[in-house]
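Residue numbers (numbering that gives the first Met the number 0): 0 to 182. For every residue, glycine included, the Cβ atom is placed at its ideal position computed from N, Cα and C. See structure below.
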Amino acid sequence: MENAIFEAALDQLTSGGYARLTMEGVAAAARTGKAALYRRWASKVELVVDALDSTLPRPHGIPDLGSARAELLQLIELFTDAIGSRAGAALHALMGELSQQQAEVFKDFIVQRVIGPTKDTILDILRRGVERGEVRPDAVSPLVADVVPAMLMFQVKVFDGGLAPDFAVRLVDDVLVPMVRQP
Numbered sequence: 000m001e002n003a004i005f006e007a008a009l010d011q012l013t014s015g016g017y018a019r020l021t022m023e024g025v026a027a028a029a030r031t032g033k034a035a036l037y038r039r040w041a042s043k044v045e046l047v048v049d050a051l052d053s054t055l056p057r058p059h060g061i062p063d064l065g066s067a068r069a070e071l072l073q074l075i076e077l078f079t080d081a082i083g084s085r086a087g088a089a090l091h092a093l094m095g096e097l098s099q100q101q102a103e104v105f106k107d108f109i110v111q112r113v114i115g116p117t118k119d120t121i122l123d124i125l126r127r128g129v130e131r132g133e134v135r136p137d138a139v140s141p142l143v144a145d146v147v148p149a150m151l152m153f154q155v156k157v158f159d160g161g162l163a164p165d166f167a168v169r170l171v172d173d174v175l176v177p178m179v180r181q182p
C-alpha cells in the first residue's frame, strides 16, 4: 500500500506540481482513505519527502571495482539514471515551483539524503584510489567531492534536467580523472 501511495504522490507532483498535490488526490489515486494518509503523514510535505526518499538512489555502497574511474562512473550513472526517472522529474518540478522559504525543507532533505552521502562516497572512492596509487592524496578533499553534486545540480537547473547520454563519461574523463590523478 505504501508503494501505491508514493507512486500516487510522485505522479501528482510530475503532472500537476506541488501546489496541486493534495492528500485527497493521493488517497484517491492510491485507492485508500485520506484518514489513512494522515495517520502516517501529518502533512503533504512529510508525504512528499518520504515518497522521494523511497525512490531516490542510495549513493553509498559503490563497490571496489579496482579503479577510481570505474567507481566514479558507476556513482554518476546512478544519479543520471535517477535524474531521468519519475522521481527525478518530480524533484525537478518541486524545486522549480516552490518559493525559497518553502524549498528550505526540501533543500535540507536533498543535502542530508543525497548530497552529503554522495560526497562521502566520492571521498571513499578517492581514498581507495590513493591506496591503489591512481589518485593524488591531496585530491581527497571536500572541494573535489563537491564537483559531482555541483555539476549535476548545474545540469538540472540550467538544462531542465536534460543530460546528454554521455554526460557521466565526460564528467569522469574530462573533469574528475584529470583533476585527481597522480602526475
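Is the Cβ-Cβ distance between residue i and residue j less than 7 Å?
{"i": "A144", "j": "K118", "result": "yes"}
{"i": "V104", "j": "V157", "result": "no"}
Relative to the C-alpha of residue i, which residue among the options is closest?
{"i": "L93", "options": "F78, T79, I109", "result": "I109"}
{"i": "L170", "options": "L151, A102, E23", "result": "L151"}
{"i": "T120", "options": "K43, R131, Q73, V44", "result": "Q73"}
{"i": "Q1", "options": "Y17, A35, G16", "result": "Checking the sequence shown, residue 1 turns out to be Glu, not Gln. For the residues Y17, A35, G16, the minimum Cα distance to E1 belongs to A35."}
{"i": "I75", "options": "Q181, G15, Q154", "result": "Q154"}
Could you give the distance in angstroms between the alpha-carbon of residue i and the alpha-carbon of residue j?
{"i": "H91", "j": "I114", "result": "15 Å"}
{"i": "P148", "j": "V168", "result": "15 Å"}
{"i": "A28", "j": "L46", "result": "14 Å"}
{"i": "L20", "j": "G32", "result": "15 Å"}
Give every residue of the same chain whose Cβ lies closer than 6 Å to the Cβ of residue i, excluding the five residues on either side of it in the sequence, and list them in chain order.
{"i": "T54", "result": "A86"}
{"i": "P58", "result": "P116, T117, T120"}
I'd like the list of long-range same chain contacts for residue i, defined as Cβ closer than 7 Å, with 5 residues on each side in sequence excluded.
{"i": "V176", "result": "R68"}
Taking 8 Å as the limit between beta carbons, can you name the residues of its chain near residue i, skipping five residues before and five after?
{"i": "P56", "result": "L77, F78, D80, A81"}
{"i": "E23", "result": "K33"}
Using a Cβ distance threshold of 8 Å, determine whether the region 2 to 11 contacts the region 40 to 52, with at least three qualifying pairs required. In this structure the region 2 to 11 lies against the region 40 to 52, because at least three pairs of beta carbons, one per stretch, are closer than 8 Å.
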